[in-house]
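Following: one structure in C-alpha cells, then a few remarks.
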Amino acid sequence: MKNLITNFIVDFVREYEKRDEISTTWREPLVGFADAYHEQIMHIRDYTFEEHLMPSDVIEDPTIIAYFIPFTKDIADSNIERELASEKWTLAYQETNEMFIKLNDYLIKKIEEMGYKAAVCKEAGDFKTDILKSKWSHRHIARVAGLGTFGINNMLITKEGCCGRYFTIVTNLPVSPDKPLEEEKCLYKKNKSCLMCVKHCFSGALSKDNYDRFKCYETCLKSFYEYEKLYGDKEPQKGKPKGGSDVCGKCVVNLPCSFKQP
Ligand code: B12
Numbered sequence: 062m063k064n065l066i067t068n069f070i071v072d073f074v075r076e077y078e079k080r081d082e083i084s085t086t087w088r089e090p091l092v093g094f095a096d097a098y099h100e101q102i103m104h105i106r107d108y109t110f111e112e113h114l115m116p117s118d119v120i121e122d123p124t125i126i127a128y129f130i131p132f133t134k135d136i137a138d139s140n141i142e143r144e145l146a147s148e149k150w151t152l153a154y155q156e157t158n159e160m161f162i163k164l165n166d167y168l169i170k171k172i173e174e175m176g177y178k179a180a181v182c183k184e185a186g187d188f189k190t191d192i193l194k195s196k197w198s199h200r201h202i203a204r205v206a207g208l209g210t211f212g213i214n215n216m217l218i219t220k221e222g223c224c225g226r227y228f229t230i231v232t233n234l235p236v237s238p239d240k241p242l243e244e245e246k247c248l249y250k251k252n253k254s255c256l257m258c259v260k261h262c263f264s265g266a267l268s269k270d271n272y273d274r275f276k277c278y279e280t281c282l283k284s285f286y287e288y289e290k291l292y293g294d295k296e297p298q299k300g301k302p303k304g305g306s307d308v309c310g311k312c313v314v315n316l317p318c319s320f321k322q323p
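Numbering-wise (the working numbering), the sequence shown opens with residue 62 and increments by one.
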C-alpha cells in the first residue's frame, strides 16, 4: 500500500511536468507516513500553537501521508544572486502550489476508489498574519513521518536536501507509520560546522539560536511587491511568475544541505 501511494505521487509529478503550460521540473518526490497518535502529533499544539488542528478534525481514525517535492538544482542556483527571490524560484513556488491542488485531488480520488477516505486540511494554505503561524504545519507532520530533521535554517532537511516543498494528506488507509529520523541532517546541529544559511540570510532573520519569522516575512514581502509590480496586471506568460508571492529562499540554496545528504 505504501509503495502504491508513493508511485501515485511520483508518477503524477513525472507526467505533470510534461504539460505544455508548465516550466518547472522537479526531482523525485519523497513520501512518508505519520502516526497520527504519535506523542509529537498528539501534543502538536505545544510545538506549534494552541489553535493547531488535530488530524482527527480532518478525518476519523487517521494516518497522515506526507510528501516532499524537491526542486532541481537550476531552480536553486537561479536564486543565489540578488536579494530578491529569482523569477525562476517564484515561478517554481507558484507552479508547485498549483500542482499540489491537482495532485491532492488525484490522490484523494485514488484512495476513495480503494474504498478509503482522504482529505487535505483546508487551513494548510493559510496562516494567521499576526503570529505568522498556520493551523496546520506540514513539516511538523513530515518530520514525524520520518522525512527529515530541522536545520538551523528552520527548514526540514530530507535525505534529498531541504530545497523543495511539502504537503500532507489525512487518510484512513491501513498503513504502518514510519518513524522520525534519529540522525540530525543539519551540519551545525551534528558537529557545529557550517552555518552557511545564517550567512545567506541578509535580513538577519536567522541566527544560530533564533529564527525571527517577522523579519523573514518582511523580506519575503519585498519579492511579493516587486513581482506584483512587474507581472500583477499582465496576462499570464509561460515561464514567468503570475504576480507576486511572499518568497525568498536564500536560506535554502547554495548550502551543503540544499540537495543530497550523506
Ligand atoms: C507561515 C509560513 C511562513 C511564514 C512564517 C515562517 C515560519 N517558519 O513559521 C513566512 C511567510 C515568513 C514563511 C517564510 C518561508 N517559508 Co513558509 N510557510 C509557512 C506555513 C504556511 C506555515 C508555517 C507555520 O505555521 N509555522 C509555525 C511553526 C510553529 O510550525 P513549523 O514552522 O511548520 O514547524 C515547527 C514546529 O514543528 C517546531 N518543532 C518541531 N519539533 C519541535 C520540538 C520542540 C520541542 C518544539 C518546542 C518545537 C518543535 O519547529 C518547527 C520549525 O520552526 C508553511 C506551510 C504549512 N502549512 O505548514 C510554509 C513553509 C514552512 N514555508 C516554506 C518555505 C520554503 C518558506 C521560505 C523558504 C519562503 C520561500 N518559499 O521562498 C521561507 C523560509 C522561512 C524559514 N526559514 O523558516 C516550506 C518549508 C519547506 C522546508 N524545506 O522546510 C513550507 C512547509 C511550505 C511548503 N508547502 O513546503 N513561511
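Cβ atoms here follow ideal geometry from the backbone N, Cα and C, with glycine treated the same way.
Taking buried to mean at least 16 other C-beta atoms within 10 Å of its own C-beta, is residue i buried or exposed?
{"i": "Met-160", "result": "buried"}
{"i": "Glu-221", "result": "buried"}
{"i": "Thr-190", "result": "exposed"}
{"i": "Gly-293", "result": "exposed"}
{"i": "Gly-300", "result": "exposed"}
{"i": "Tyr-288", "result": "buried"}
{"i": "Leu-164", "result": "buried"}
{"i": "Tyr-108", "result": "exposed"}
{"i": "Gly-374", "result": "The shown model of the chain, from 62 to 323, leaves out residue 374, and the question about it has no answer."}
{"i": "Asn-214", "result": "buried"}
Using CA coordinates, which residue listed in the options is at the minimum distance from residue i?
{"i": "Ile-105", "options": "Lys-301, Lys-178, Lys-194 and Gly-310", "result": "Lys-194"}
{"i": "Cys-247", "options": "Arg-226, Lys-269 and Asp-122", "result": "Lys-269"}
{"i": "Ser-198", "options": "Arg-226, Ile-172 and Glu-142", "result": "Arg-226"}
{"i": "Pro-116", "options": "Tyr-278, Ile-102 and Arg-204", "result": "Ile-102"}
{"i": "Gly-209", "options": "Lys-321, Glu-78 and Arg-80", "result": "Lys-321"}
{"i": "Phe-263", "options": "Arg-143, Asp-138, Phe-285 and Leu-65", "result": "Arg-143"}
{"i": "Asp-81", "options": "Gln-298, Gly-304 and Cys-312", "result": "Gln-298"}
{"i": "Phe-129", "options": "Lys-79, Thr-67, Glu-121 and Ala-137", "result": "Thr-67"}
{"i": "Tyr-286", "options": "Phe-188, Gly-304, Gly-265 and Asp-273", "result": "Gly-304"}
{"i": "Arg-204", "options": "Ile-162, Arg-75 and Ala-127", "result": "Ala-127"}
Do residue i and residue j have their C-beta atoms within less than 8 angstroms of each other?
{"i": "Gln-155", "j": "Pro-302", "result": "yes"}
{"i": "Lys-178", "j": "Thr-232", "result": "yes"}
{"i": "Lys-171", "j": "Phe-69", "result": "yes"}
{"i": "Ala-185", "j": "Ile-169", "result": "no"}
{"i": "Cys-182", "j": "Leu-267", "result": "no"}
{"i": "Leu-145", "j": "Ser-284", "result": "yes"}
{"i": "Val-314", "j": "Asn-140", "result": "yes"}
{"i": "Thr-229", "j": "Ile-192", "result": "no"}
{"i": "Lys-196", "j": "Glu-112", "result": "yes"}
Name the DSSP bridge partner or partners of residue i?
{"i": "Lys-189", "result": "Lys-194"}
{"i": "Val-231", "result": "Ile-125 and Ala-180"}
{"i": "Ala-95", "result": "Ile-125"}
{"i": "Trp-87", "result": "Phe-132"}
{"i": "Tyr-278", "result": "Bridge partners of Tyr-278: none, in fact."}
{"i": "Gly-222", "result": "Thr-219"}
For residue i, decide whether its Cβ has a neighbour in chain C, counting only Cβ atoms nearer than 8 angstroms.
{"i": "Asn-233", "result": "The structure shown has no chain C; it contains just one protein chain."}
Between the region 221–241 and the region 89–102, do three or more beta carbon pairs fall short of 8 angstroms?
Flag = yes, the region 221–241 and the region 89–102 touch.
Can you find at least 3 beta carbon pairs, one from the region 130–141 and one from the region 78–88, that sit closer than 8 angstroms?
yes
Examine the Cβ distances between the region 304–315 and the region 139–156 and report whether three or more of them are shorter than 8 angstroms.
yes
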